[in-house]
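Novice: Can you keep this structure in mind? I'll have questions shortly.
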């Protein structure tokens, strides 16, 4: 196993020497893969791991697309680095594929920055992760460093980052010491299911019901759950581990609506597709390792709850008559017409109540 100290530091953005290895997980999207590799070329990580899942048996066009995505690596990775590639012949899917890739990397290094082929990072994402991977390397209270914050542009603190209960995995970093707790079958769930453990983490009943169902599916290996990241959230929660979220968005998801997307097939999520911004250095560190409850509440109310299938159905049902009402009354949606209408109403009220 290669030790972290053997990784040659390089200069990143003229800011900090970058030493953390990068894992890039690709599949069959050569276009998005190209954009992510071009972003990597700006910072030139000294050690790059690439994992490519294999083509699906029921998709005849997958083989050519996977080959094209892998060719991007050979064409665009031209900087001086140690390139380690692992291309699966069989299709492992969105559940086993990324989990296999991350475990493979942690057989060789003790920390890593992880990107998928639709996660477009700002160059300062890398020194941000690199610095915090070193700062919290032995602090078991911290298990995850994210490139997204799901705050909708609102800055919750003057610090460079805050601590959260939520592990956002659109561009992230972690350590081998944390990943060792990841378990696709969430083996600890049956013992926790009949306790109030989940209620102690999630306050909203819809969130509790959703995650209870997700963890049930993960434990039973249900085909309805084709993902790895809910299990990672479970691992962090089971260890009382916190996530670091930046106060500015450092990674944008460019995969929403892509014809070859697996999960992000819907219209773009405003939270996920916010343009990546620059992180200012030197970093301003929070005074203590403590969850930012206000920020987490905003994540739940503005990002997570509206994305739940059950909630989306209810929201559409409630909004349908409202949309119909507004469509029939354009003066309520046009700001100029609305101001004119309000002004007329105010004048009428004053006339009625002003003594003659």
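Numbering (the numbering used here), first residue to last: 1141 to 1496. Don't be surprised by glycine CBs; every beta carbon is placed ideally from N, CA and C.
Below 8 Å on the Cβ atoms is my guess for residue 1415 versus residue 1310; work out the distance and round it to an integer in Å.
Specialist: As a first step, residue 1415 must be located in the chain shown, where it is residue number 275. As a first step, residue 1310 must be located in the chain shown, where it is residue number 170. Actually they are not in contact, since the Cβ atoms of residue 1415 and residue 1310 sit about 13 Å apart, beyond 8 Å.
Novice: For the alpha helix (DSSP H) that residue 1164 lies in, which residues bound it at each end?
Specialist: By 1-based counting over the chain shown, the position of residue 1164 is 24. Taken as a continuous stretch (DSSP letters only), residue 1164 belongs to no alpha helix (DSSP H), being part of the beta strand (DSSP E) at 1162-1166.
Novice: Give me whichever residues DSSP pairs with residue 1222 in a beta bridge.
Specialist: Here residue 1222 refers to the residue found at position 82 when the chain shown is read from its first residue. Paired residues: 1187.
Novice: Given 8 Å as the limit, is there contact between the region 1259-1276 and the region 1219-1227, that is, 3 or more CB pairs closer than that?
Specialist: Output reads no: the region 1219-1227 does not touch the region 1259-1276.
Novice: Name the DSSP beta bridge partners of residue 1276, please?
Specialist: Taking the chain shown and counting its residues from 1, the one referred to as residue 1276 is at position 136. Bridge partners of residue 1276: none, in fact.
Novice: Does DSSP put residue 1312 in a helix, a strand or coil?
Specialist: For the purposes of this step, residue 1312 is taken as residue 172 along the chain shown, with counting starting at 1. Here residue 1312 sits in strand by DSSP.
Novice: Could you tell me the distance, in whole angstroms, from the CA atom of residue 1153 to the CA atom of residue 1427?
Specialist: What you label residue 1153 is simply residue 13 of the chain shown in a count that begins at 1. What you label residue 1427 is simply residue 287 of the chain shown in a count that begins at 1. In this predicted model, residue 1153 has a pLDDT of only 49, less than 50, meaning its place in the structure is not dependable; the value taken from the coordinates is given anyway. Whole-angstrom Cα-Cα distance: 27 Å.
Novice: Count the other CB atoms within 10 Å of the CB of residue 1425; is the residue buried (16 or more) or exposed (fewer)?
Specialist: Looking up residue 1425 in the chain shown gives position 285. It is exposed - the Cβ of residue 1425 has fewer than 16 other Cβ atoms within 10 Å.
Novice: DSSP on residue 1306, reduced to helix/strand/coil?
Specialist: For the purposes of this step, residue 1306 is identified with residue 166 of the chain shown, where counting begins at 1. If DSSP states are grouped into helix, strand and coil, residue 1306 belongs with coil.
Novice: Could you check the C-alpha separation between residue 1454 and residue 1367 for me, to the nearest Å?
Specialist: If you number the chain shown from 1, residue 1454 lands on position 314. If you number the chain shown from 1, residue 1367 lands on position 227. Any reading at residue 1454 must be qualified, since the residue scores a pLDDT of 48, below 50, and its modelled position is unreliable; the value itself is stated next. Their backbone Cα atoms lie some 25 Å apart in a straight line.
Novice: Report buried or exposed for residue 1252, applying the criterion of at least 16 other Cβ atoms within 10 angstroms of its Cβ.
Specialist: Numbered from 1 along the chain shown, position 112 holds the residue referred to as residue 1252. Label assigned to residue 1252: buried.
Novice: May I ask which residues mark the beginning and end of the beta strand (DSSP E) holding residue 1393?
Specialist: Along the chain shown, read from residue 1 onward, the residue named residue 1393 stands at position 253. Counting along the chain, the beta strand (DSSP E) containing residue 1393 begins and ends at 1391-1393.
Novice: In chain order, what residues of the same chain lie with their CB nearer than 8 Å to the CB of residue 1484, ignoring the 5 residues before and after it?
Specialist: Here residue 1484 refers to the residue found at position 344 when the chain shown is read from its first residue. Cβ within range, chain order: n/a, list empty.
Novice: Is the distance from the Cβ of residue 1286 to the Cβ of residue 1386 below 9 Å?
Specialist: By 1-based counting over the chain shown, the position of residue 1286 is 146. By 1-based counting over the chain shown, the position of residue 1386 is 246. Contact: yes.
Novice: Starting from residue 1284, follow the beta strand (DSSP E) in both directions and report where the run begins and ends.
Specialist: Here the question's residue 1284 lines up with position 144 in the chain shown. Unbroken beta strand (DSSP E) run through residue 1284: 1282-1286.
Novice: Specify, as a first and last residue, the run of the beta strand (DSSP E) that residue 1383 falls within.
Specialist: Taking the first residue of the chain shown as 1, we reach residue 1383 at position 243. Looking at the DSSP string, the run of the beta strand (DSSP E) that includes residue 1383 is 1382-1386.
Novice: Would you mind sorting residue 1432 into buried or exposed? The rule is 16 or more other CB atoms within 10 Å of its CB.
Specialist: Within the chain shown, residue 1432 is the residue found at index 292, counting from 1. Per the 10 Å Cβ criterion, buried.
Novice: Which same chain residues end up closer than 7 Å to residue 1444 when comparing Cβ atoms and leaving out the 5 residues on each side of it in sequence?
Specialist: Indexing the chain shown from 1 puts residue 1444 at position 304. Answer for residue 1444: 1347, listed in chain order.
Novice: Count the other CB atoms, across all protein chains shown, that sit within 10 Å of the CB of residue 1278; report buried if there are 16 or more and exposed otherwise.
Specialist: On the chain shown, position 138 is the one that residue 1278 refers to. So residue 1278 ends up on the exposed side.
Novice: Please say whether residue 1191 and residue 1508 have beta carbons closer to each other than 9 Å?
Specialist: As shown, the chain starts at 1141 and ends at 1496. That puts residue 1508 outside it, with no answer to give.
Novice: Going by beta carbon distance, what residues of the same chain come within less than 6 Å of residue 1254, once the five residues before and after it are set aside?
Specialist: Stepping through the chain shown from its first residue, residue 1254 is reached at position 114. Hits under 6 Å: 1163 and 1312.
Novice: Name the two residues that bound the continuous beta strand (DSSP E) containing residue 1251.
Specialist: For the purposes of this step, residue 1251 is taken as the residue at position 111 of the chain shown. From DSSP, the beta strand (DSSP E) with residue 1251 extends over 1251-1256.
Novice: Helix, strand or coil for residue 1422, going by three-state DSSP, please let me know.
Specialist: By 1-based counting over the chain shown, the position of residue 1422 is 282. Note: residue 1422 maps to coil in three-state DSSP.
Novice: Where does residue 1338 sit, in a helix, a strand or coil, going by DSSP?
Specialist: Taking the first residue of the chain shown as position 1, residue 1338 is located at position 198. In the structure shown, residue 1338 sits in a helix (DSSP, three-state: H, G or I).
Novice: Which residue comes first and which comes last in the alpha helix (DSSP H) that contains residue 1376?
Specialist: Position 236 of the chain shown, counted from the start, is the residue given in the question as residue 1376. First-last of the alpha helix (DSSP H) with residue 1376: 1369-1378.
Novice: Name, in chain order, the residues that DSSP records as bridge partners for residue 1351.
Specialist: The count along the chain shown starts at 1 and reaches residue 1351 at position 211. For residue 1351, which the question treats as bridged, DSSP gives no partner whatsoever.
Novice: Going by Cα to Cα distance, which pick from 1357, 1344, 1417 and 1305 is closest to residue 1327?
Specialist: For the purposes of this step, residue 1327 is taken as residue 187 along the chain shown, with counting starting at 1. Among 1357, 1344, 1417 and 1305, the Cα nearest to that of residue 1327 belongs to 1357.
Novice: In or out: residue 1373 buried (at least 16 other Cβ within 10 Å) or exposed?
Specialist: Translated into the one-based positions of the chain shown, residue 1373 becomes position 233. Its Cβ being crowded by 16 or more others within 10 Å, residue 1373 is buried.
Novice: With DSSP as the reference, label residue 1428 as helix, strand or coil.
Specialist: The residue you call residue 1428 lines up with position 288 of the chain shown. Of the three classes helix, strand and coil, the one that applies to residue 1428 here is coil, per DSSP.
Novice: Measuring alpha carbon to alpha carbon, tell me which of 1204, 1228 and 1182 ends up nearest residue 1165.
Specialist: As a working note, residue 1165 is residue 25 in the chain shown. Here the closest residue by C-alpha is 1228.
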